[in-house]
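S.K.: Following this message is one structure expressed as structure tokens.
Protein chains: 4
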Amino acid sequence: MASNTFYAVVAGVGAGTGRSVALRFAKAYPVALLARRPESYNEIVEEIKKAGGQAIGVSADTSDEASVKAAFESIKKEFAGRNLAAAVFNVGAGFAVKPFLELKAEDLENSLNGNAKGLFNFAQQTLPQLLESVPDSPHPPTLIVTGATASIRGSARFATFAASKFAARGLTQSLSREFHPKGVHVAHAIIDAVIDIPRTKEWVVNDGKEDSKISPDSIAESYWYLHTQERSGFTQELDLRPYVEKF
Amino acid sequence: MASNTFYAVVAGVGAGTGRSVALRFAKAYPVALLARRPESYNEIVEEIKKAGGQAIGVSADTSDEASVKAAFESIKKEFAGRNLAAAVFNVGAGFAVKPFLELKAEDLENSLNGNAKGLFNFAQQTLPQLLESVPDSPHPPTLIVTGATASIRGSARFATFAASKFAARGLTQSLSREFHPKGVHVAHAIIDAVIDIPRTKEWVVNDGKEDSKISPDSIAESYWYLHTQERSGFTQELDLRPYVEKF
Amino acid sequence: MASNTFYAVVAGVGAGTGRSVALRFAKAYPVALLARRPESYNEIVEEIKKAGGQAIGVSADTSDEASVKAAFESIKKEFAGRNLAAAVFNVGAGFAVKPFLELKAEDLENSLNGNAKGLFNFAQQTLPQLLESVPDSPHPPTLIVTGATASIRGSARFATFAASKFAARGLTQSLSREFHPKGVHVAHAIIDAVIDIPRTKEWVVNDGKEDSKISPDSIAESYWYLHTQERSGFTQELDLRPYVEKF
Amino acid sequence: MASNTFYAVVAGVGAGTGRSVALRFAKAYPVALLARRPESYNEIVEEIKKAGGQAIGVSADTSDEASVKAAFESIKKEFAGRNLAAAVFNVGAGFAVKPFLELKAEDLENSLNGNAKGLFNFAQQTLPQLLESVPDSPHPPTLIVTGATASIRGSARFATFAASKFAARGLTQSLSREFHPKGVHVAHAIIDAVIDIPRTKEWVVNDGKEDSKISPDSIAESYWYLHTQERSGFTQELDLRPYVEKF
């Protein structure tokens, strides 16, 4: 079965990692892009089409179960007959950097909704599809989750963000252990870096040295590599950081 | 200032760790016991009083911000003039062991509410009090959080529990890094064991060997040890498991 | 500068990972193969040459400083004018699985010699060369170290092996933190698996399921991927294990 | 059987942790002190005797198998009829902070000898004795190993020290997993701090804040706590650091 009978989905697209990942996977598969608002995916869909790929955008709030279900119903119509080969959860949410006693219950709620519930809902929808693809997918069907420094380190003033990124990592590990033996690859990437995107252009990190922010294309290449690993050698977790990043 | 001007609070009391911790800390401080229902704390309050200690029980749902606030207002009245020396968060919630695709959104919600939001609300109420106690407390004021195997390992079929226990660990680490320099000790204990309580009496673990479940009194002693550490040597995390436990 | 002015070196070649890594890197660079005895590299050198690549074999004991120095002097003659683009330390040594009280001082010595001193000597010789290649190398010059389950877990009856694999991991981390900012990529791969090679053919692991041992070619692909990462996104550590491996 | 039929041994005594640990354990047991030179233990032996305890000093190089054997033969004569209840390995060696390319093979050798081989030799001698004490010892017989920041983090310029402290941690973990089920408690303590001893008096750490170096007495209390844990709740690892320490 050729890979044109499969598709990929990326949740959390915008100017950075999501866009690069969508463009990279669009070289091999039609791609569905999920974001809350069309402004986040419209241009990327056009970019993929211009490059000769196939893409659709779907508005969805991954933290809302019904919204994610509706999104996948719409994807299934658009990509009728295709099976899911790769799913990337790249939603970044609830990044509040504040002293703990200034944080509100809403800060925790937002962060857990975006990073933990969103991943839960996305995994609930994509894993049954990925399981179906195991016999025919050109590469082992793959679910990749974008983590951050806060996935493995609870820094001062990052209480709610650390809580939710730790949660996503624990959830991902559990999925790896349950779904690897069924043939679905579930991986977690720790992006220990500032992403090099328009929004961070003016930020000075690592003394402003060249390449001191991570290129989103480089993340996308890593995700593609994870997807292409054969099942005798799955990576469950890797880190990615600029050469000059302190760690 | 003598320690009879201080008090301790334990959230999540019942037949196991919470009871033992309350009894242990009651040797040194009047203790406030938090649980959802009076059935969970009434007997322990009596037990402490019979042993010559002071204790009050307060009904509260730690996952509900308003409920936790109300509980501490009631505690402040009962223990007027006392400052908080030690707070233990021992709420166990949302332990659903199921294949991921059988889990519901409510399972995640319950688990996050109990373990992550509950800790957040409890920490929001106790840390300001613990900060006030820094100059006078007989030992550095302490917040201790009860973790589990799932705090550091996302096992298959434990997706929602792992998510919420990872979250609590990330949150606790962040609090340690923010509040240690202010003199408040925040520690996380990984209880990698089945607790030896009436409810688990019939469970056969570790081939049924003697002492193969952890004694809650032994956990309580460890928490007391953590509380008594001087500030030049704080432990942020320790594990506790029976000698025969595989790990 | 084209990549034909560079070379790669692999220490610890034999029937498994070393051979596959050498073959993979030989697609891009002439490769020097290090092993104690010519029997370990002769056939691989021939295999590379037949495939149109360039390769030399050099006998060396990496645990012996003088031997490693001599090996690189010989390599520099053979590959005169070339700079080092990639170095892989894949020596497996001192794997004694025994109750601790049956282990002898020699078991520890052998294991430390192979895994820790060998890596130290190899890194001392290769890092100065890798530093020189930073400005021109087609990919950031790279040192990759092969780890094992025992690199992150000290299992019962693996005392000396765990000691030496932990040592190699600590050493590698230190090199990553020192040399990443200078532009040399230092990465550690945790191979949590039995390698699928002739010697392990009869071993039944993971219930004998298909692909339940890791393919050495799959490890080689991962190493090549690590080598090709651009400097804005270096991976310091990744794990690799078969889909059915318990972890 | 009363605890006066048992003894404790501390390897690596001097002005800091070793001295405090010896003094603390001497409150409960006669203590044997091991150090290379009598100058390191003579005063401590006197101090213990003055306080009403029993102590002997033995010169030994723990990195030398024969020397350790001889030391324990001499201890067995002096403490005839006593069994070993607690053994503490506190040897600090091979701490060279240098750029990697300035390190010599001897630096690695020294560091591995002190931290890895020393622990191996010490464990080989003490574990058989600790096993014998399981039925009667007042607390589960215990082997405690002193770790450092470098046990879990390979920092730049700490290559050989990290290698050897990682090695000791891996070895200790393996011993925990093998000997816990036999009733011997093996624990690892990560001392993430500068120790507050005469030699470090002038060092300014953590902006010179009060109590910003760890008190060796506080380490000793933690070791005593570890020793007194009952077998249903063993701690395998804990960290210790001053409240103001960055981590």
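Protein chains in written order, with full-length UniProt numbering: chain A, 1 to 247; chain B, 1 to 247; chain C, 1 to 247; chain D, 1 to 247. Note that beta-carbon positions come from the ideal geometry of N, C-alpha and C, so glycine has one too.
#1: Since PHE234 of chain D and ARG241 of chain B should fall inside the 8 Å C-beta cutoff, what is the C-beta to C-beta distance between them, to a whole number of angstroms?
#2: Can you tell me which residues form a DSSP beta bridge with LEU34 of chain D?
#3: Against chain A, does PHE234 of chain B count as a neighbour if the rule is that its beta carbon must be under 9 Å from one of theirs?
#4: At 3 residues or longer, what runs of the beta strand (DSSP E) sit wholly inside the stretch 89–164 of chain D?
#5: Measuring straight from C-alpha to C-alpha, what distance separates GLY14 of chain C and PHE247 of chain D?
#6: Which same chain residues end up closer than 7 Å to THR172 of chain C when comparing Cβ atoms and leaving out the 5 residues on each side of it in sequence?
#7: Are VAL68 of chain B and ALA32 of chain B closer than 9 Å when you measure CB to CB?
#8: To the nearest angstrom, report how far apart SER215 of chain A and THR126 of chain A are at their CA atoms.
#9: Mind reading off the beta-carbon distance from ALA96 of chain C to ALA168 of chain C? Whole number of angstroms is fine, and I expect it under 8 Å.
#10: Is VAL186 of chain B helix, strand or coil when you go by DSSP?
#11: In its own chain, which residues sit with a C-beta less than 8 Å from the C-beta of ALA70 of chain C, not counting the 5 before and 5 after it?
#12: For chain A, check one thing: does any of its Cβ atoms lie closer than 9 Å to the Cβ of ARG177 of chain C?
#13: Excluding the five sequence neighbours on either side, which residues of its own chain have a C-beta within less than 6 Å of the C-beta of ALA2 of chain B, listed in chain order?
#14: Tell me the DSSP secondary structure of PHE234 of chain A in three-state form.
#15: Are the C-beta atoms of ARG231 of chain B and some chain D residue less than 9 Å apart?
#16: Give me the Cα-Cα distance between LEU112 of chain B and ASN113 of chain A, rounded to the nearest whole angstrom.
#17: Is the Cβ-Cβ distance between ALA148 of chain A and ASN90 of chain A less than 9 Å?
#18: Looking only at DSSP bridge pairs, what is PHE179 of chain C linked to?
#19: Please list, in chain order, the residues of the stretch 87–102 of chain D that have any C-beta partner in chain C closer than 8 Å.
#20: For ASN83 of chain B and HIS139 of chain B, I'd like the C-alpha separation in whole angstroms.
#21: Determine the direct distance from the alpha carbon of ALA26 of chain D to that of ILE197 of chain B, and round the result to whole angstroms.
#22: Return the CA-CA distance between GLU65 of chain C and PRO128 of chain C, expressed in angstroms with no decimal places.
#23: Taking a Cβ distance cut-off of 8 Å, strictly less, list which residues of the stretch 157–177 of chain A are near chain B, in chain order.
#24: Under DSSP, the alpha helix (DSSP H) around VAL21 of chain C begins and ends at which residues?
#25: Could you please give the first and the last residue of the uninterrupted alpha helix (DSSP H) stretch that includes GLU65 of chain B?
#26: Is the CB of VAL244 of chain B under 9 Å away from at least one CB in chain D?
#27: For the candidate residues A:ALA123, A:LYS98, A:PRO141 and A:ASP107, whose alpha-carbon lies nearest to that of LEU103 of chain B?
#28: Could you tell me whether the stretch 205–222 of chain C touches the stretch 223–239 of chain A, where touching means 3 or more Cβ pairs closer than 8 Å?
#29: Whose Cβ in chain A lies nearer than 8 Å to the Cβ of ALA148 of chain B?
#30: Am I right that ALA86 of chain A and TYR41 of chain A are in contact with their C-beta atoms under 8 Å? What's the rounded C-beta distance?
#31: Quick one, which residues of the stretch 46–80 of chain B are near chain A if we go by CB-CB under 8 Å, in chain order?
#32: Would you mind stating whether LEU130 of chain B and VAL204 of chain B have Cβ atoms separated by less than 9 Å?
#33: Please classify ARG169 of chain C: does DSSP put it in a helix, a strand, or coil?
#34: Give me the Cα-Cα distance between ALA80 of chain B and TYR7 of chain B, rounded to the nearest whole angstrom.
#35: Just tell me which of B:ALA51, B:GLY92 and B:GLU47 has its CA closest to the CA of THR62 of chain B.
#36: Can you tell which of D:LEU143, D:THR142 and D:PRO99 has its C-alpha closest to the C-alpha of ALA156 of chain D?
M.R.: Taking the structure as given:
#1: Counted from its first residue, the fourth sequence places residue 234 of chain D at position 234. Counted from its first residue, the second sequence places residue 241 of chain B at position 241. With 8 Å as the limit, PHE234 of chain D and ARG241 of chain B qualify as a contact, their Cβ atoms being about 6 Å apart.
#2: In the fourth sequence, residue 34 of chain D corresponds to position 34, counting from 1. In the DSSP output, where bridge partners are listed per residue, LEU34 of chain D has D:ALA11 and D:VAL58.
#3: Translated into positions along the second sequence, residue 234 of chain B becomes position 234. No - not a single Cβ of chain A is within 9 Å of the one on PHE234 of chain B.
#4: 142–148
#5: The residue given as residue 14 of chain C occupies position 14 in the third sequence. The residue given as residue 247 of chain D occupies position 247 in the fourth sequence. Distance between the alpha carbons of GLY14 of chain C and PHE247 of chain D: 42 Å.
#6: Translated into positions along the third sequence, residue 172 of chain C becomes position 172. Result list for THR172 of chain C: VAL145, VAL186 and HIS188, in chain order.
#7: Within the second sequence, the letter at position 68 stands for residue 68 of chain B. Within the second sequence, the letter at position 32 stands for residue 32 of chain B. Contact flag unset, no.
#8: The count along the first sequence starts at 1 and reaches residue 215 of chain A at position 215. The count along the first sequence starts at 1 and reaches residue 126 of chain A at position 126. Using only the alpha carbons, I get a separation of about 27 Å.
#9: For the purposes of this step, residue 96 of chain C is taken as residue 96 along the third sequence, with counting starting at 1. For the purposes of this step, residue 168 of chain C is taken as residue 168 along the third sequence, with counting starting at 1. No, ALA96 of chain C and ALA168 of chain C are not in contact; Cβ-Cβ is about 16 Å, not under 8 Å.
#10: As a working mapping, residue 186 of chain B is identified with position 186 in the second sequence. If DSSP states are grouped into helix, strand and coil, VAL186 of chain B belongs with the strands.
#11: In the third sequence, counting from the first residue as 1, residue 70 of chain C sits at position 70. Result list for ALA70 of chain C: ALA60, in chain order.
#12: Residue numbering aside, residue 177 of chain C sits at position 177 when the third sequence is read from its first letter. Chain A, which has a Cβ nearer than 9 Å to the Cβ of ARG177 of chain C, makes this yes.
#13: Taking the second sequence and counting its residues from 1, one reaches residue 2 of chain B at position 2. Unreliable placement is indicated for ALA2 of chain B, whose pLDDT of 45 sits below 50; no coordinate value is reported for it.
#14: Locating residue 234 of chain A in the first sequence gives position 234, counting from the first residue. If DSSP states are grouped into helix, strand and coil, PHE234 of chain A belongs with the strands.
#15: For this step, residue 231 of chain B is matched to residue 231 along the second sequence. Cβ-Cβ to chain D under 9 Å: yes for ARG231 of chain B.
#16: Position 112 of the second sequence, counted from the start, is the residue given in the question as residue 112 of chain B. Position 113 of the first sequence, counted from the start, is the residue given in the question as residue 113 of chain A. Their backbone Cα atoms lie some 10 Å apart in a straight line.
#17: As a working mapping, residue 148 of chain A is identified with position 148 in the first sequence. As a working mapping, residue 90 of chain A is identified with position 90 in the first sequence. Contact flag unset, no.
#18: As a first step, residue 179 of chain C is located in the third sequence; it is residue number 179 there, counting from the start. According to DSSP, PHE179 of chain C bridges with nothing at all.
#19: PRO99, PHE100 and LEU101
#20: Within the second sequence, numbered from 1, the residue matching residue 83 of chain B stands at position 83. Within the second sequence, numbered from 1, the residue matching residue 139 of chain B stands at position 139. Cα to Cα, ASN83 of chain B sits roughly 12 Å from HIS139 of chain B.
#21: Position 197 of the second sequence holds residue 197 of chain B. Position 26 of the fourth sequence holds residue 26 of chain D. Distance between the alpha carbons of ILE197 of chain B and ALA26 of chain D: 36 Å.
#22: Taking the third sequence and counting its residues from 1, one reaches residue 65 of chain C at position 65. Taking the third sequence and counting its residues from 1, one reaches residue 128 of chain C at position 128. When rounded, the distance between both Cα atoms is 15 Å.
#23: ARG157, PHE158, ALA159, THR160, ALA162, ALA163, SER164, LYS165, PHE166, ALA167, ALA168, ARG169, GLY170, LEU171, THR172, GLN173, SER174, LEU175, SER176 and ARG177
#24: Position 21 of the third sequence holds residue 21 of chain C. Counting along the chain, the alpha helix (DSSP H) containing VAL21 of chain C begins and ends at 17–26.
#25: Against the second sequence, residue 65 of chain B aligns to sequence position 65. Unbroken alpha helix (DSSP H) run through GLU65 of chain B: 65–78.
#26: As a position in the second sequence, residue 244 of chain B is number 244, starting the count at 1. So yes, VAL244 of chain B belongs to the interface.
#27: Here residue 103 of chain B is taken as the residue at index 103 of the second sequence, counted from 1. Among A:ALA123, A:LYS98, A:PRO141 and A:ASP107, the Cα nearest to that of LEU103 of chain B belongs to A:ALA123.
#28: yes
#29: Taking the first residue of the second sequence as position 1, residue 148 of chain B is located at position 148. Near ALA148 of chain B there are no residues of chain A at all, since even the closest Cβ is about 11 Å away, more than 8 Å.
#30: Numbered from 1 along the first sequence, position 86 holds the residue referred to as residue 86 of chain A. Numbered from 1 along the first sequence, position 41 holds the residue referred to as residue 41 of chain A. Their Cβ separation, rounded to whole angstroms, is 17 Å, which puts ALA86 of chain A and TYR41 of chain A out of contact at 8 Å.
#31: GLU65
#32: Residue numbering aside, residue 130 of chain B sits at position 130 when the second sequence is read from its first letter. Residue numbering aside, residue 204 of chain B sits at position 204 when the second sequence is read from its first letter. No, these two residues do not count as a Cβ contact at 9 Å.
#33: Here residue 169 of chain C refers to the residue found at position 169 when the third sequence is read from its first residue. Of the three classes helix, strand and coil, the one that applies to ARG169 of chain C here is helix, per DSSP.
#34: Within the second sequence, the letter at position 80 stands for residue 80 of chain B. Within the second sequence, the letter at position 7 stands for residue 7 of chain B. About 10 Å.
#35: Position 62 of the second sequence, counted from the first residue, corresponds to residue 62 of chain B. Comparing Cα-Cα distances from THR62 of chain B to each of B:ALA51, B:GLY92 and B:GLU47, the minimum goes to B:GLY92.
#36: Counting from one through the fourth sequence, the residue named residue 156 of chain D turns up at place 156. Considering only alpha carbons, the answer is D:PRO99.
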